[in-house]
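Novice:
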Amino acid sequence: QSRIMVSISNDTMYRIRMDMFQTMQRLPLRYFDVHSTGEILSHYSNDVDTLSNMLRQSLPKILDGSVTCIFVMITIFCVNYQLAFIVLFCEVMLVLILKALVKRNARHFANQQSGLGTLNAFTEEIIGGMNEIKAFGQEKSSVTRFRKINDQLFESVSKADFYSNSIFCLTTGLSNIG
14 QSRIMVSISN
24 DTMYRIRMDM
34 FQTMQRLPLR
44 YFDVHSTGEI
54 LSHYSNDVDT
64 LSNMLRQSLP
74 KILDGSVTCI
84 FVMITIFCVN
94 YQLAFIVLFC
104 EVMLVLILKA
114 LVKRNARHFA
124 NQQSGLGTLN
134 AFTEEIIGGM
144 NEIKAFGQEK
154 SSVTRFRKIN
164 DQLFESVSKA
174 DFYSNSIFCL
184 TTGLSNIG
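Just so we're aligned: the sequence shown equals residues 14 to 191 in our numbering.
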């Protein structure tokens, strides 16, 4: 399973990167005026890596969990159909609660990705302009601006991780109650 998922993931990432690059060639110049190089590079590295991790790790767990759930429900229906309806009701409620929580948490992960793009853009800009920064003695202001952007990213990552872990704990607890 791991070898198959790595193969599928690598092939998918290859195709996505190629599609992204070909699409970038057709974008108008205005796009590159509005979006920084660091932000664009962030899409190529961070976003694609996040998708790759999802394909390699999360997708197999979802498939495995779904198959297990189906067989457990079939078994429960065969043993005691009244109990099966109670379990089914609890699981449907869990899915509805989980859907609402994930929808709310998506905003935090979007902020995290946006913050990462901003940090990468700023870092790329600073590295590219290091001669000018040193020539005009702007090292301290660069560090201050970097710290501000990095602090915002830290907040976004912390919130996304907190809510993600909270969702996991809540769903595990509700599942156990069910």
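All C-beta atoms, glycine included, are put in the ideal place defined by N, C-alpha and C.
1) Buried or exposed: which applies to Gly-51, given that a residue is buried once 16 or more other Cβ atoms fall within 10 Å of its Cβ?
2) Please look up how many angstroms separate the CB atoms of Leu-96 and Ile-87, rounded, as I've assumed it's under 8 Å.
3) Count the other C-beta atoms from every protein chain shown that fall within 10 angstroms of the C-beta of Gly-78, then say buried if there are 16 or more, exposed otherwise.
4) May I have the straight-line CA-CA distance separating Leu-72 from Gln-35, to the nearest angstrom?
5) Can you tell me which of Val-61, Thr-185, Ser-20 puts its alpha carbon nearest to the alpha carbon of Lys-104?
6) Just the C-alpha distance for Glu-145 and Tyr-44, rounded to the nearest angstrom, thanks.
7) Does DSSP classify Gly-150 as helix, strand or coil?
8) Taking the alpha helix (DSSP H) that Tyr-27 belongs to, which residues open and close that run?
9) Could you give the distance in angstroms between the alpha-carbon of Phe-98 and the alpha-carbon of Asn-118?
10) State the Cα-Cα distance for the pair Asp-46 and Leu-166, rounded to the nearest angstrom.
11) Using a Cβ-Cβ cutoff of less than 8 Å, which residues in the same chain neighbour Ile-180 once the five nearest sequence positions on both sides are dropped?
12) Under a three-way DSSP split, which group does His-121 fall into?
13) With burial defined as no fewer than 16 other Cβ atoms inside 10 Å of the residue's Cβ, what is the status of Thr-157: buried or exposed?
14) Below 8 Å on the Cβ atoms is my contact criterion, and I expect Asp-60 with Gln-125 to pass it. Report the Cβ-Cβ distance as a whole number of Å.
Specialist: So, to answer that:
1) buried
2) Their Cβ separation, rounded to whole angstroms, is 13 Å, which puts Leu-96 and Ile-87 out of contact at 8 Å.
3) exposed
4) 27 Å
5) Before going on, a small fix: residue 104 reads as Glu here, not Lys. Of the listed residues, the one whose Cα sits closest to Glu-104 is Thr-185.
6) 26 Å
7) coil
8) 15-39
9) 30 Å
10) 23 Å
11) Leu-111, Leu-114, Val-115, Asn-118
12) helix
13) exposed
14) Wrong, their Cβ atoms sit about 11 Å apart, outside the cutoff.
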